[in-house]
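> The structure under discussion is supplied below as structure tokens; questions concerning it will follow.
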Amino acid sequence: MSTATPYHATPRDNRSRAPEFYGFVAWASTSFLFVVYLLWALLPDEYILWLGIDWYPNREWALLLPAYSIVLVLLTYWVYISLTIYGTPPFDSISTIIDSRSQYPPHQPTGNGQSSGSGYLMYTHSNAKPDLYDIPIGLVNRVLYSPKGRESGTGHAHSSSSNDRTQ
């Protein structure tokens with residue numbers, strides 16, 4: 002009996018190498034234009050005329066182009082930060098807690114027409130694997146800040162605050 006393993010052909014790499022060529026052309030042309038920019042900005046007029054170039058932009062653009070570029074980049078950052086701050090809801094808005102994508106557990110009514118309380122009660126079995134849901138903020142507040150939790154010692158660490166003494 003032979004224990005030969007089955008033959009698995011490796012898939013051929015059918016990717017195009019065009020992105021590599023485009024990247025090289027972009028790198029080469031950018032490097033060439035930068036060298037031309039440096040020569041134009043730093044060489045005296047006599048050398049540029051000796052190369053046969055009769056017309057070229059005024060030398061003040063050698064400083065204005067980088068300055069305008071820096072201002073444009075800073076303005077872009079400022080605009081994006083401003084749009085982010087403008088689009089952020091205030092801290093007291095309910096949209097900081099829930100949104101249109103919130104998923105709550107389905108409401109489970111009891112047989113007598115009343116709700117069974119929390120939709121999480123059916124998941125209390127030890128082998129149950131519940132679906133992924135958002136926990137409603139009211140349930141979170143009830144669990145964390147209910148007076149029952151404070152008395153039993155399972156609540157928040159603020160159980161002996163001045164508010165408890167005045168009640």
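Note that the numbering used here gives residue 48 to position 47 of the sequence shown, counting from 1, and the numbers run on in steps of one. Heads up, the beta-carbon is just placed ideally off N, CA and C, and yes, glycines get one too.
Leaving aside the five residues before and after S96 along the sequence, list all residues of the same chain whose C-beta is less than 6 Å from its C-beta, in chain order.
The count along the sequence shown starts at 1 and reaches residue 96 at position 95. The residues are P90.
> Pick helix, strand or coil for L50, following the three-state DSSP scheme.
Mapped onto the sequence shown, residue 50 falls at position 49. Here L50 sits in helix by DSSP.
> What are the boundary residues of the alpha helix (DSSP H) that L44 is part of?
Position 43 of the sequence shown, counting from 1, holds the residue named residue 44. Counting along the chain, L44 falls outside any alpha helix (DSSP H), and DSSP gives it neither H nor E.
> Contact between the region 132–140 and the region 98–106 is defined here as three or more beta-carbon pairs at a separation below 8 Å; is this criterion met?
Contact holds: three or more Cβ-Cβ distances are below 8 Å.
> Rounding to the nearest angstrom, what Cα-Cα distance links L43 and G24 in this structure?
Residue mapping note: residue 43 aligns to position 42 of the sequence shown, counting from 1. Residue mapping note: residue 24 aligns to position 23 of the sequence shown, counting from 1. Distance between the alpha carbons of L43 and G24: 28 Å.
> Just curious, the alpha helix (DSSP H) that I82 is in, first and last residue?
For the purposes of this step, residue 82 is taken as residue 81 along the sequence shown, with counting starting at 1. Counting along the chain, the alpha helix (DSSP H) containing I82 begins and ends at 62–88.
> Output the distance between the C-alpha atoms of S163 and I99, rounded to the nearest integer angstrom.
In the sequence shown, counting from the first residue as 1, residue 163 sits at position 162. In the sequence shown, counting from the first residue as 1, residue 99 sits at position 98. For S163, the predicted structure reports a pLDDT of 46, less than 50, and the residue's modelled location is therefore unreliable. A value from the coordinates is still provided. Answer to the nearest angstrom: the Cα atoms are 32 Å apart.
> Can you name the start and end residues of the alpha helix (DSSP H) that N59 belongs to?
The residue given as residue 59 occupies position 58 in the sequence shown. Careful: N59 lies outside any alpha helix (DSSP H) and carries neither H nor E.
> Quick one: measure Cβ to Cβ for Y38 and I49, integer angstroms, because I've assumed they're closer than 8 Å.
As a working note, residue 38 is residue 37 in the sequence shown. As a working note, residue 49 is residue 48 in the sequence shown. Incorrect: roughly 13 Å between the Cβ atoms, too far for contact.
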